[in-house]
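Asks:
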Amino acid sequence: MADDRREGRDHRRGQHGRRACLAHREAARPGAEMIRAIKSWLPIGVLAAYGQSQASNYASALAFTCMLAMFPLMLGALSLIGYAIRDPGLEAKAEALIIEVFPTTAQPQLLDAVHGVRQSAGWLGLLSLAGLLWSASSIFGTMEFALTQIFGTKQRNLVRQKLMGLVMMILLVIAVGITVAANAVAALFPLAWVTGFIIGSAVMVTLLSLLYRFVPNRSFEVRDVLPGALLAGTLIEVFSLGFPLYVRLAGGFNTYGAQFGLFFLLAAWFYIVSELILFGAVFNEFRLGQPVTKGLIASPMHESREVRKPIEVINEDKASDQPLSRPFAPPSFAKRMLGHLAVFRRRKRTTTT
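Sequential numbering from 247 applies to the sequence shown in the working numbering.
Structure (structure tokens):
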């Protein structure tokens, strides 16, 4: 027994010695202090947290939802404008202003697509209004899901989520209108692109602050989400300025036709914008921790929906579908009928004999 204890102590001492030796070697390596300083640097930590949070997967879902909701949103907005002003000239100007929100390289194809859909729609303008409402709920519902995954909180119930989507859609339309008007005003100045960049960045930062503050069921105060909104808004504006260069370096998206080119161009644009939006959210969560402030039309915690892993839901449904093992369960109706039939046959045989 004493030998075993002595051997165990020697083994532990040997392990500690090897660990200390490895630590000494790591510290003695050239640039070890620099590596530790780089790892502790805030941007590197945020990038590592972004990769570990799987935010890119949620950005893909958000970009796909925006792609599906884009044309219903545009047609619904144009239908509202057409019913309100009833002036073809003003309606054409509003259409051009809405198209200006998207990348310049996609604007001609988008304008042709909108014209084609509107000419073939006819009386489907009212359905496009319904599409406007549904698209609003789907976009912000997906965004709430992504932010819930990043913040580690619970979602609203379905009714509150739809109401939140409608309110946020109104704010989004106002922000788009302000952006278009700001670009029109910036064109009057000598350095139009500089003025447009500053005004567009300010509007984008304001919109992202509202998104980070009100879309999640539990979020942070406006002053707390402002750094992440400032980071994401500036990156989005820089990306919007450099996107035409990216299209040119990529050789254009019209290799397989205008329709496929428009799809690939918008898919790339929506995806990168969604990545930057969620990157700002990860930056806020990395700095602030667990959110506790209620969002817009927030659900109480006992009414909130917990986002569960798919495997947990599948296993629970599988367990509920399996029959319960009851050792003394009564026989089923079919078994009882077969038993009565067997007794009747035996009695019939005895009476005939």
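Glycine included, C-beta positions come from ideal geometry on N, C-alpha and C. The model shown is predicted, which means the values in this text are computed figures rather than measured ones.
#1: When the Cα atoms are used, what is the spatial distance from MET313 to THR388?
#2: Taking all protein chains shown into account, decide if LEU319 is buried (16 or more other Cβ within 10 angstroms of its Cβ) or exposed.
#3: Name the two residues that bound the continuous alpha helix (DSSP H) containing ILE290.
#4: Would you call the region 388 to 404 and the region 294 to 307 in contact, with 3 or more CB pairs under 8 Å?
#5: Between the alpha carbons of GLN401 and SER383, how many angstroms are there, rounded?
#6: Which whole-angstrom value describes the C-beta separation of VAL528 and SER299, a residue pair presumed to lie in contact below a C-beta threshold of 8 Å?
#7: Where LEU417 and ALA338 are concerned, what is the direct C-alpha to C-alpha distance, given to the nearest angstrom?
#8: DSSP three-state label for SER355, please.
#9: Between LEU508 and GLU562, what straight-line distance do the alpha-carbon atoms span, to the nearest angstrom?
#10: What does the Cβ neighbour count give for MET247, buried or exposed, with the cut at 16 atoms within 10 Å?
#11: Please report the Cβ distance between VAL451 and LEU476, rounded to the nearest whole angstrom; I am assuming they are in contact, meaning their Cβ atoms lie under 8 Å.
#12: Could you tell me which residues DSSP puts in a beta bridge with GLN536?
#13: Using DSSP with H/G/I as helix, E/B as strand and the rest coil, what is ARG402?
#14: Classify SER465 as helix, strand or coil using the three-state DSSP reduction.
#15: How long is the line joining the alpha carbons of ILE445 and LYS564, rounded to whole angstroms?
#16: Going by C-alpha distance, which of THR480, LEU454, ALA478, LEU481 is nearest VAL468?
#17: Hey, would you say ILE396 sits closer than 8 Å to LEU293, going by beta carbons?
#18: Is GLY398 closer than 8 Å to PHE460 when the C-beta atoms are compared?
#19: With a threshold of 6 Å on Cβ separation, who are the neighbours of GLN407 within its own chain once the five nearest residues in sequence on each side are excluded?
#20: Consult DSSP for LEU268 and reduce its assignment to one of helix, strand or coil.
#21: Based on DSSP bridge pairs, tell me the residues matched to ARG459.
Replies: Let me spell this out:
#1: In the sequence shown, the residue the question calls residue 313 occupies position 67. In the sequence shown, the residue the question calls residue 388 occupies position 142. When rounded, the distance between both Cα atoms is 12 Å.
#2: As a working mapping, residue 319 is identified with position 73 in the sequence shown. So LEU319 counts as buried.
#3: As a working note, residue 290 is residue 44 in the sequence shown. 288 to 298 is the span of the alpha helix (DSSP H), which, as asked, contains ILE290.
#4: yes
#5: Translated into the one-based positions of the sequence shown, residue 401 becomes position 155. Translated into the one-based positions of the sequence shown, residue 383 becomes position 137. Their backbone Cα atoms lie some 14 Å apart in a straight line.
#6: In the sequence shown, the residue the question calls residue 528 occupies position 282. In the sequence shown, the residue the question calls residue 299 occupies position 53. The Cβ separation is near 6 Å, so the contact holds.
#7: Here residue 417 corresponds to residue number 171 of the sequence shown, with the count starting at 1. Here residue 338 corresponds to residue number 92 of the sequence shown, with the count starting at 1. If you take the alpha carbons of LEU417 and ALA338, they lie about 23 Å apart.
#8: Mapped onto the sequence shown, residue 355 falls at position 109. A quick correction: the sequence has Gln, not Ser, at residue 355. Residue state, collapsed to three classes: helix.
#9: Residue mapping note: residue 508 aligns to position 262 of the sequence shown, counting from 1. Residue mapping note: residue 562 aligns to position 316 of the sequence shown, counting from 1. Rounded to the nearest angstrom, the two C-alpha atoms are 43 Å apart.
#10: Position 1 of the sequence shown, counted from the first residue, corresponds to residue 247. Note that MET247 scores 48 on pLDDT, short of 50, meaning its location in the model is unreliable; the coordinates nonetheless yield the value given after this. That one is exposed.
#11: Translated into positions along the sequence shown, residue 451 becomes position 205. Translated into positions along the sequence shown, residue 476 becomes position 230. Going by Cβ atoms, the distance from VAL451 to LEU476 rounds to 5 Å, so yes, they are a contact pair.
#12: Here residue 536 is taken as the residue at index 290 of the sequence shown, counted from 1. Partner(s): none; GLN536 has no beta bridge.
#13: To locate residue 402, count along the sequence shown from 1; it is residue 156. In the structure shown, ARG402 sits in coil (DSSP, three-state: anything other than H, G, I, E or B).
#14: Taking the first residue of the sequence shown as position 1, residue 465 is located at position 219. DSSP places SER465 in strand when its eight states are reduced to three.
#15: Along the sequence shown, one-based indexing puts residue 445 at 199. Along the sequence shown, one-based indexing puts residue 564 at 318. Cα to Cα, the separation comes out at about 54 Å.
#16: In the sequence shown, counting from the first residue as 1, residue 468 sits at position 222. For VAL468, the nearest C-alpha among the options comes from LEU454.
#17: Translated into the one-based positions of the sequence shown, residue 396 becomes position 150. Translated into the one-based positions of the sequence shown, residue 293 becomes position 47. For ILE396 and LEU293, no; Cβs fall outside 8 Å.
#18: If you number the sequence shown from 1, residue 460 lands on position 214. If you number the sequence shown from 1, residue 398 lands on position 152. Taking 8 Å as the Cβ cut-off, PHE460 and GLY398 do not qualify as a contacting pair.
#19: For this step, residue 407 is matched to residue 161 along the sequence shown. Answer for GLN407: GLY387, listed in chain order.
#20: For the purposes of this step, residue 268 is taken as residue 22 along the sequence shown, with counting starting at 1. Summary for LEU268: the model assigns pLDDT 49, below 50, so the residue's position carries little reliability; its value from the coordinates is reported in the next sentence. LEU268 falls in the helix class under three-state DSSP.
#21: By one-based count along the sequence shown, residue 459 stands at place 213. DSSP output for ARG459 lists no bridge partner at all.
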